[in-house]
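>
Protein chains: 2
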Amino acid sequence: MGAAGFRAALYHWRVNASDPLLRTGLSAQIREFIVEGITAGRWEPGERIVERRIATELGVSQGPVREALRQLEALRLVESLPNRGARVRPFTEEDLGEIFPVRAGLERTAAELALPRLAARVDALERHNRRLAEAAESGDLPEQMRLSIDFHREVVETAGNRLLTSVWESLGIELWTTLSLRLHQTEIYSKSAEHAVLIEAFRRQDPEAPRMLHDHVMNYAP
Amino acid sequence: MGAAGFRAALYHWRVNASDPLLRTGLSAQIREFIVEGITAGRWEPGERIVERRIATELGVSQGPVREALRQLEALRLVESLPNRGARVRPFTEEDLGEIFPVRAGLERTAAELALPRLAARVDALERHNRRLAEAAESGDLPEQMRLSIDFHREVVETAGNRLLTSVWESLGIELWTTLSLRLHQTEIYSKSAEHAVLIEAFRRQDPEAPRMLHDHVMNYAP
DNA sequence: CATTGATCAATGATCGATCATATTGCTCCC
DNA sequence: GGGAGCAATATGATCGATCATTGATCAATG
Numbered sequence: 001m002g003a004a005g006f007r008a009a010l011y012h013w014r015v016n017a018s019d020p021l022l023r024t025g026l027s028a029q030i031r032e033f034i035v036e037g038i039t040a041g042r043w044e045p046g047e048r049i050v051e052r053r054i055a056t057e058l059g060v061s062q063g064p065v066r067e068a069l070r071q072l073e074a075l076r077l078v079e080s081l082p083n084r085g086a087r088v089r090p091f092t093e094e095d096l097g098e099i100f101p102v103r104a105g106l107e108r109t110a111a112e113l114a115l116p117r118l119a120a121r122v123d124a125l126e127r128h129n130r131r132l133a134e135a136a137e138s139g140d141l142p143e144q145m146r147l148s149i150d151f152h153r154e155v156v157e158t159a160g161n162r163l164l165t166s167v168w169e170s171l172g173i174e175l176w177t178t179l180s181l182r183l184h185q186t187e188i189y190s191k192s193a194e195h196a197v198l199i200e201a202f203r204r205q206d207p208e209a210p211r212m213l214h215d216h217v218m219n220y221a222p
Numbered sequence: 001m002g003a004a005g006f007r008a009a010l011y012h013w014r015v016n017a018s019d020p021l022l023r024t025g026l027s028a029q030i031r032e033f034i035v036e037g038i039t040a041g042r043w044e045p046g047e048r049i050v051e052r053r054i055a056t057e058l059g060v061s062q063g064p065v066r067e068a069l070r071q072l073e074a075l076r077l078v079e080s081l082p083n084r085g086a087r088v089r090p091f092t093e094e095d096l097g098e099i100f101p102v103r104a105g106l107e108r109t110a111a112e113l114a115l116p117r118l119a120a121r122v123d124a125l126e127r128h129n130r131r132l133a134e135a136a137e138s139g140d141l142p143e144q145m146r147l148s149i150d151f152h153r154e155v156v157e158t159a160g161n162r163l164l165t166s167v168w169e170s171l172g173i174e175l176w177t178t179l180s181l182r183l184h185q186t187e188i189y190s191k192s193a194e195h196a197v198l199i200e201a202f203r204r205q206d207p208e209a210p211r212m213l214h215d216h217v218m219n220y221a222p
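Top to bottom, those sequences are chains A and B.
Just so you know, we're using the working numbering here: the first sequence kicks off at 1 and counts up by one.
Just so you know, we're using the working numbering here: the second sequence kicks off at 1 and counts up by one.
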């Protein structure tokens, strides 16, 4: 969404404010605007993001922009220093690599918690995995990524620990995977075969399943 | 800190703005004010926290209060709905119990990553643990809690994964432990003996150490 | 020529006021 | 009585303006 259409989109949003998930407010929209700017290369890593410049450009005030930047700080997409504003975080390979052990650890825990309940969900997981295989065949990379992550999200949510889910979501896997693909030309994975092995382990409630999931996640790591 | 002394304290802070770690800004101070209000029982769980009321009381404007509330939302201490403001999160036993598996999983991962380097830090850990034992003898519960958590923090930081550290810190262990002690009269632990066992495992780089740490953390759980 | 201090522009931090929404309480009609 | 409007109020969301800090520039000084 370019700046030109921002106000129009805002109006549309106000009119359709029925879905609570969309009633997210200005700052969420500005956040998406900035995210797109970063992924599209409008701001280079390390470059400053000036609150008032964005505010003027979008025809909003400084407040919501500020709020959006704080949210992006929590996603580790920008960093900011007191009284010196925000800049795009100059993420290195090392930054990207740090995600995998954390994610692997969380998902191992998730699998441990979810194991008794996972057997009942293997059907859903298999439907998922079938769609992943289709996406891989048709070469739809974004869809492949989404479905692959959804598989893991399903496991995490089955654990039934809301904090765990929230921490896992805060890693922003989709965002960082997209950035990683775009900025580092990382090879895309076609993991539906590995997922199938995991699903079988879930089905028989294999006590090794958490470790298998852990190792599977670590194999994404560069 | 009561509201009466807030402005005076603020002035004092402005004058001594030399330490960069203290130059945290208004919202951080307001955040602490609200945290103290919650721990002291000024706001009951579930009660609304009205932005403008706090702003008026502290002689500041709505903005920084809003920002403070967003930070507390990230700590899961308050929850907020769009257009309907913030309220103290009515944390249940279940909420508190959800922390332990997440923390245990993170620390197991930390220990795995830190294992090669932990042997070099056992001296520091032992000094820590000695002080913990002293605090336990003298019955200084808050100090006992701080030192005990610091032991774990040391392990997490030794892993050398900044994301892991940041995620672990975001759990707000000190805060939630304090609240748990205050609100639920949970029994306090004297864990320096268990810590000693862990330190020995670190010293010999026992591959079982990560699992031992995991189980140790889970034993805190209610 | 390096260093120090003054000045200024840029911009983050904060403020006071206004707009928009949710809630409350009241009226009126069935 | 009781529910469907409807006004009044409380308060979150946003705005436009001001204050305060930072970093750059440059002159004065040793």
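C-beta atoms are modelled at their ideal positions from N, C-alpha and C, and glycine is treated no differently.
Is there at least one Cβ from chain B nearer than 7 Å to Glu98/A's Cβ?
Cβ-Cβ to chain B under 7 Å: yes for Glu98/A.
> I'd like the span of the alpha helix (DSSP H) that includes Ala221/B, first residue to last.
Counting along the chain, Ala221/B falls outside any alpha helix (DSSP H), and DSSP gives it neither H nor E.
> Helix, strand or coil: how does DSSP classify Ser180/A here?
In the structure shown, Ser180/A sits in a helix (DSSP, three-state: H, G or I).
> Does any C-beta atom of chain A lie closer than 7 Å to the C-beta of Asn161/B?
Chain A contact via Cβ: present.
> Need the endpoints of the alpha helix (DSSP H) that Leu26/A sits in, please.
From DSSP, the alpha helix (DSSP H) with Leu26/A extends over 26 to 39.
> Buried or exposed: which applies to Leu81/B, given that a residue is buried once 16 or more other Cβ atoms fall within 10 Å of its Cβ?
It counts as exposed.
> Strictly under 7 Å for the Cβ-Cβ distance: is Leu106/A near chain B by that measure?
Yes, because at least one Cβ of chain B sits closer than 7 Å to the Cβ of Leu106/A.
> Grab me the residues of Ser170/B's own chain with a C-beta within less than 8 Å of its C-beta, minus the 5 sequence neighbours each way, in chain order.
Within the same chain, Ser170/B has close Cβ partners Ala74, Leu75.
> When you compare the segment 62 to 73 of chain A with the segment 197 to 212 of chain A, are there three or more beta-carbon pairs, one atom per stretch, that lie closer than 8 Å?
No: the two stretches stay apart, fewer than three of their Cβ pairs being nearer than 8 Å.
> Say whether the segment 54 to 64 of chain B touches the segment 131 to 151 of chain B, bearing in mind that this needs 3 or more beta-carbon pairs closer than 8 Å, one atom from each stretch.
Touching, no, given that fewer than three Cβ pairs across the two stretches are closer than 8 Å.
> On the DSSP bridge list, what partners appear for Ala86/B?
Partner(s): Ile49/B, Ser80/B.
> Who are the near neighbours of Val217/B in its chain, counting only those whose CB is closer than 7 Å to its CB and skipping five residues on each side?
Correct list, in chain order: Phe100, Arg103, Ala104, Glu107.
> Please look up how many angstroms separate the CB atoms of Pro159/A and Ala110/A, rounded, as I've assumed it's under 8 Å.
Going by the sequence as given, residue 159/A is Ala instead of Pro. Indeed, because the Cβ distance is near 4 Å, the residues count as touching under 8 Å.
> Compute the distance between the beta-carbons of Leu113/B and Asn161/B, then report whether it is under 7 Å.
Closer than 7 Å, so yes.
> Between Ile173/A and Tyr220/A, what straight-line distance do the alpha-carbon atoms span, to the nearest angstrom?
Cα to Cα, Ile173/A sits roughly 12 Å from Tyr220/A.
> Between the segment 71 to 98 of chain B and chain A, which residues of the former have a C-beta closer than 7 Å to a C-beta of the latter?
Within the segment 71 to 98 of chain B, the residues whose Cβ lies closer than 7 Å to some Cβ of chain A are Ala74, Pro82, Glu98, listed in chain order.
> At which residues does the alpha helix (DSSP H) containing Thr109/B begin and terminate?
93 to 118 is the span of the alpha helix (DSSP H), which, as asked, contains Thr109/B.
> Just how far apart, CA to CA, sit Arg153/A and Phe33/A?
The alpha-carbon atoms of Arg153/A and Phe33/A are separated by roughly 25 Å.
> First and last residue of the alpha helix (DSSP H) that includes Gly63/A?
Run containing Gly63/A: 62 to 74, per the alpha helix (DSSP H) assignment.
> Whole angstroms are fine: how far does the CA of Ser27/A sit from the CA of Leu77/A?
Rounded to the nearest angstrom, the two C-alpha atoms are 16 Å apart.
> Could you check whether the segment 83 to 99 of chain B touches the segment 137 to 145 of chain A, counting it as contact only if at least three pairs of C-beta atoms, one from each stretch, sit closer than 8 Å?
Not touching, per the Cβ criterion.
> Nearest to Ser180/B by alpha carbon, out of His128/B, Ile38/B, Leu147/B?
Of the candidates His128/B, Ile38/B, Leu147/B, the one whose C-alpha sits nearest the C-alpha of Ser180/B is Ile38/B.
> Quick check on this structure: which residue in Leu96/A, Asp215/A, Val88/A, Ala40/A has the alpha carbon closest to the alpha carbon of Glu47/A?
Out of Leu96/A, Asp215/A, Val88/A, Ala40/A, Val88/A has the C-alpha closest to the C-alpha of Glu47/A.
> Please list the partners that Val156/A has in chain B, where partner means a Cβ-to-Cβ separation under 7 Å.
Neighbours of Val156/A on chain B: none; closest Cβ ~11 Å, over 7 Å.
> Considering only residues of the same chain and omitting the five flanking positions on each side of Trp168/A, which have a CB-CB separation below 6 Å?
Hits under 6 Å: Leu106, Val156.
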